[in-house]
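Trainee: Have a look at this one.
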Amino acid sequence: MAAKTPLKPSIDRVQTGVRLEKRLLKVLKGLAESLDLSLGDLLEGIALHALDNKLPFSTDTLKKIADLKRVYGLDLTAADSHRLRE
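Once you know that position 75 of the sequence shown is 105 in the working numbering, the rest is easy, because the numbers rise by one and skip nothing.
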């Protein structure tokens, strides 16, 4: 007998417009592309992991992120959050 596949939760998505730091957005888009995800799916995953106080990325993915940060010159860290100004 074949194992049952767990059902995926049914959700309703809404379109939203958010403003992000330019280099951060480039890193996120590059990461989403490398993981074959949409930017929205990546952001949902990051948010859901953060709300459960869990790490969203594997060691390999963290290496990809470090490479993308270098490529796009992203030098911001978590310490900079909520302190950025335009």
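Even for Gly, the Cβ is constructed at its ideal location relative to N, Cα and C.
All of these numbers come straight from a predicted model, not from anything done at the bench.
Quick check: residue 98 and residue 57, are their CB atoms within less than 9 Å of each other?
Mentor: In contact: residue 98 and residue 57 (Cβ atoms closer than 9 Å).
Trainee: Could you give the residue range of the alpha helix (DSSP H) that holds residue 90?
Mentor: Residues 89-102.
Trainee: Any chance the stretch 87-98 sits against the stretch 60-69, with 3 or more Cβ pairs inside 8 Å?
Mentor: The stretch 87-98 vs the stretch 60-69: in contact.
Trainee: Can you give the Cα-Cα distance for residue 88 and residue 109, rounded to whole angstroms?
Mentor: So the two alpha carbons sit approximately 21 Å from each other.
Trainee: Which same chain residues, not among the five before or five after residue 75, have their C-beta less than 8 Å away from its C-beta?
Mentor: Excluding residues within five positions, the ones whose Cβ falls inside 8 Å are 67, 86.
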